[in-house]
Amino acid sequence: VRHYLGLCTLLMLRISLFAQDLDPIEIAKPLTSIWPTYNGDYSGRRFSRLWQIDAQNVTSLRLLWTFDSGKEPIKATPLMVDGVLYFCVPDKAWAVDAKTGRQIWYWETKTRGGTHIGSRGLGMYGKWLFLVTPDDYLVSLDAATGKERWRKEIADLKLDFFSTVAPVVIRNHVLVSPSIESTDNRGYLDSYDPDAGKLQWRWYSTPDPGQPGAETWPNAEAASHGGGAIWMPGTYDPQLNLYYFGTGNPQPVMAGQGRQGDNLWANCIVALDPDTGKMAWYYQTTPHDTHDWDSAETPVLFDTTVNGQPRKLLAQANRNGYFFVLDRTNGKHILTAPFAQNNWAKGIDPQGRPIRDLSKDPQPAGALVFPSEAGATNWFPPAFDPQTGLFYVTVTRSAAVFYLTDTSPKPEAWGGIDKTVWSGPSSIEAINSKAGRIAWEHSTGQGAVSGLLTTAGRLLFGGDGSGNALALDPLTGKTLWHVNLNQVMFNGPITYEINGRQYLLLAASGKLFAFALPEH
Amino acid sequence: MTRHLVHILGAATFVAGCTVVLTAQLPGNQSQGDSAMARKHSEDDSLRSVYPNLPPNQDPDSVIRGKRVFESNCGFCHGADATGGNGGPDLVRSVLVNHDEKGNLIAPVIREGRISKGMPAFSLSDTQVSDAVAFLHQRNRDARLRFSYKIPNVAIGNAADGKAYFDSHCGSCHSVSGDLAGVAGKYPPDELQQRWLGPVSQEPAQLTITLPSGQSYAGDLQYVDEFSASLYDAKGIYHSFYLSAEARVQITDPLETHHKLLRELSDRDLHNVTTYLETLK
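Chains A and B, in that order, give the protein sequences. Residue numbering for the first sequence follows my numbering, starting at 1 and increasing by one per position. Residue numbering for the second sequence follows my numbering, starting at 1001 and increasing by one per position.
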């Protein structure tokens, strides 16, 4: 028996040593059997062409296995390449057999600090994996063994930078960026070479003195500490060779009196060339933000016709409560539509940007604002279904009193605080991507923070605030299937295919759950 | 910024709970001072488990002395509160200050100056230097730690207008001589404002379920989602239900009126009502 087990291990080793390999060109293909990057493919649609599980048979789904990774909620979207799942939580990563749920390897690192709020996942290039740690390392692992290849420091931990993003691999570029909690830093996006981790370029989210955009800050000092952290993995158009991502709020967060102006390129959707790090265009979704709205949500790429003309578009459901559609070739504005109640803006300007109601900026005695700092949506990945033309997003509802606590001419860090006075029901909304109208809305109770997945099987997967996983009809929002996982989903569901069988993989709290149809 | 408000608040709650436990476990013969010190340390440790890079609290006396040292020697160029001034950079967000450990980087700059950048050398005593360092680190900590920010005066409205609003909108459920008598004496003003805007109900929500058969159950809501619900009936017996499409579910939330008022509340009314409630000492 001993001998036999040894042989098995040897065979597994052989397979794992030689099979797990990802050519970055695979990420550019429409999503089918594998899930090789955070959003599945570069488009950010989280639409899979798999259709074995469909609206008719979804109620026959059965649980195949679970995998318990511990108490830390899984906020990462797992990768699935050549039969192996890769996922992480802060300071830890796993490779798990995607068919059986058995652990292949486990990696852990001792942290030296950094805010531990989550880890979005890994990136893959060839036989190598990449992830960031809360204490600001970009770490490369050998995908076969989980052995660490190298680590590079990507940010200054003592300035309170910490890292959560899932690396995105484009050709030989590994794109990562640190997050900012409170210290007045300047955000940036880095590109590292996958072989040795050499920095290829760095793009800062605020302008240097004299650069276009510098006029949107009162002085160079404010701009050079002006925030704009890049929290989330972006999307990519291989034809245009443009990488799209959102930047976070300006610093100081809630006290804007020391940074009068629009504060570019904080709260922007940005397009840049991944080979050079040069910005092609930007579009600002919240000028001079004082509510922590960010613009970090996934810019989703899709093609359609507008007034008879074929167009390459980009859509984002923004934390500020507005749905934006842009021409992704040049950043020209096409549509702005509210998708959730707000009272902080009093309209839309000619460029489609919300106009701040100044009385709803944080005030010393408080201003009642819908929604709270948590926003109308947040990190939860949205989805787009080319079959319905609908954009799907988990929407949260809340109200808070925003206080300005630092009234000095030169505030620091937050300079204010918001106190939640109401937490309302969440929902999954379907937004018509051409008109911005809400096609349907499915209530998911309080506290739903799930990402979404659509499939060619005419299914939309997500989760509610009570620990149920849901399969909805993407056209109507009607529930077709549900299962009580008893824990809230913190990430986006994925689907993949191995040997002709389609799997649905959900994560709730610290557990993975794999479903498939019965084999006949 | 913080993408996980719920997470952070959850952590903050944990911090509070943790403090209580630690304090309760202290041996009874310890002096009040030791207990307070232990409590303070445990709070700080817990905060630093959420924000591991938060600079530690400095000795308060040293900070007070350091503020004076800083104002008189450094304030002209760096600003009295160290946020930058007449030519000197902001030291709250300074890389050097953030990297400093107990003066190892700051002290040489004070003593030797930065002549090329126009900063002269200062001959301060060791205590003066370490006090100035403590002041800078405390400034940095206080700026980072938003949950410790002090909310200034919230009672800026008109009490008479607040009373009029209260009488017309709140008076049917609340009374200033009954449940709200002396309420201003119970809470600091900002907490009073938070409590009336976002109250926590003492009463459970009421759930009524009418099944397709026509049979109906009512009681304290225990759980409800899209697919199932449960309640405790008047006898304290637990019932749970699968919810079919035909089942009718009715929920009476005791805070529904509050939520409705909140959706229509102007900031002017908000300030007026708080100002009025502040008169109920």
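From the three backbone atoms N, C-alpha and C, an ideal C-beta is built for every residue, glycine too.
Residue i - DSSP class collapsed to helix/strand/coil
i                      : result
residue 1196 (chain B) : helix
residue 1267 (chain B) : helix
residue 522 (chain A)  : In this structure chain A extends from 1 to 520, so residue 522 (chain A) is not present and cannot be described.
residue 69 (chain A)   : coil
residue 218 (chain A)  : coil
residue 1300 (chain B) : Outside the shown range of chain B (1001 to 1281) lies residue 1300 (chain B), about which nothing can therefore be said.
residue 46 (chain A)   : coil
residue 1123 (chain B) : coil
residue 1257 (chain B) : helix
residue 1074 (chain B) : coil
residue 354 (chain A)  : strand
residue 1166 (chain B) : helix
residue 475 (chain A)  : coil
residue 1105 (chain B) : coil
residue 159 (chain A)  : helix
Rounded distance between the beta-carbons of residue j and residue i, thought under 8 Å
i                      : j                      : result
residue 66 (chain A)   : residue 511 (chain A)  : 6 Å
residue 113 (chain A)  : residue 1053 (chain B) : 5 Å
residue 477 (chain A)  : residue 430 (chain A)  : 6 Å
residue 397 (chain A)  : residue 424 (chain A)  : 3 Å
residue 538 (chain A)  : residue 473 (chain A)  : With chain A running from 1 to 520 in the structure shown, residue 538 (chain A) is simply not present.
residue 494 (chain A)  : residue 35 (chain A)   : 5 Å
residue 182 (chain A)  : residue 132 (chain A)  : Wrong, their Cβ atoms sit about 19 Å apart, outside the cutoff.
residue 25 (chain A)   : residue 502 (chain A)  : Not a contact, Cβ separation roughly 23 Å.
residue 121 (chain A)  : residue 79 (chain A)   : 7 Å
residue 1243 (chain B) : residue 1227 (chain B) : 6 Å
residue 1265 (chain B) : residue 1199 (chain B) : The pair is not a contact, with the Cβ atoms about 13 Å apart (cut-off 8 Å).
residue 247 (chain A)  : residue 179 (chain A)  : No, residue 247 (chain A) and residue 179 (chain A) are not in contact; Cβ-Cβ is about 11 Å, not under 8 Å.
residue 250 (chain A)  : residue 228 (chain A)  : 6 Å
Residues near residue i in its chain [Cβ-Cβ closer than 7 Å; skip 5 each side]
i                     : result
residue 373 (chain A) : 291, 292, 400, 418
residue 346 (chain A) : 355, 357
residue 201 (chain A) : 191, 276, 277
residue 486 (chain A) : 467
Other residues of its chain near residue i: CB distance less than 8 Å, five sequence neighbours each side excluded
i                      : result
residue 1103 (chain B) : 1129, 1130, 1133
residue 1196 (chain B) : 1273, 1274, 1277
residue 1141 (chain B) : 1054, 1055, 1056, 1057, 1058
residue 1238 (chain B) : 1222, 1230, 1231, 1232
residue 128 (chain A)  : 140, 141, 142, 143, 149, 194
residue 412 (chain A)  : 184, 252, 406
Opposing strand residues paired with residue i [DSSP bridges]
i                      : result
residue 185 (chain A)  : In the DSSP output, where bridge partners are listed per residue, residue 185 (chain A) has none listed.
residue 88 (chain A)   : A:93
residue 304 (chain A)  : A:311
residue 227 (chain A)  : A:186, A:250
residue 515 (chain A)  : A:63, A:504
residue 152 (chain A)  : A:138
residue 317 (chain A)  : A:323
residue 379 (chain A)  : For residue 379 (chain A), which the question treats as bridged, DSSP gives no partner whatsoever.
residue 83 (chain A)   : Residue 83 (chain A) is not bridged to any residue.
residue 124 (chain A)  : A:129
residue 1229 (chain B) : B:1224, B:1241
residue 429 (chain A)  : A:393, A:441
residue 204 (chain A)  : A:188
residue 271 (chain A)  : A:244, A:281
Residues near residue i in its chain [Cβ-Cβ closer than 6 Å; skip 5 each side]
i                      : result
residue 1271 (chain B) : 1156, 1157
residue 1208 (chain B) : 1218, 1250
residue 282 (chain A)  : 265, 268, 270
residue 457 (chain A)  : 51, 53, 54
residue 169 (chain A)  : 24, 123, 125
CB contact below 8 Å: residue i versus chain C
i                      : result
residue 1262 (chain B) : No chain C appears in this structure, whose protein chains are A and B.
- Query: Any residues in the stretch 1219-1233 of chain B with a beta carbon nearer than 7 Å to a beta carbon of chain A? Which ones, in chain order?
  - Reply: 1225, 1226, 1227
- Item | Short-range partners of chain B found in the stretch 453-483 of chain A, where Cβ spacing is below 9 Å | 464, 465, 466, 467, 468, 470, 479, 482
- Proximal residues, the stretch 1148-1172 of chain B versus chain A, C-beta separation under 9 Å: 1149, 1150, 1151, 1152, 1153, 1154, 1155, 1156, 1157
- Task: Taking only beta carbons into account, state which residues of the stretch 1174-1200 of chain B come closer than 7 Å to chain A, listed in chain order.
- Result: 1193, 1194, 1197, 1198
- Query: Using Cβ-Cβ distances below 9 Å, what residues of the stretch 1112-1130 of chain B are close to chain A?
  - Reply: Nothing from the stretch 1112-1130 of chain B brings a Cβ to less than 9 Å from some Cβ of chain A.
- Query: At a Cβ cut of 8 Å, what residues of the stretch 1064-1084 of chain B count as close to chain A, listed as they run along the chain?
  - Reply: Those residues of the stretch 1064-1084 of chain B that come within reach of chain A (Cβ to Cβ, closer than 8 Å) are 1079, 1081, 1083, 1084.
- What residues in the stretch 1238-1259 of chain B have a beta carbon less than 8 Å from any beta carbon of chain A? 1259
- Query: Looking at chain A, which residues of the stretch 1087-1102 of chain B have a Cβ within less than 8 Å of any of its Cβ atoms?
  - Reply: 1089, 1090, 1092, 1093, 1095, 1098, 1099
- Residues from the stretch 359-371 of chain A in contact with chain B, defined by Cβ distance under 7 Å: Listed by position along the chain: 359, 364, 365, 366, 367, 368.
- Item | Chain-ordered residues of the stretch 389-414 of chain A with a beta carbon less than 9 Å from chain B | 398, 399, 400, 401, 403, 404, 405, 406, 407, 408, 409, 410, 411, 412, 413, 414
- Residues of the stretch 179-209 of chain A with a CB closer than 9 Å to any CB of chain B: list them in chain order, please. 179, 180, 181, 182, 183, 184, 185
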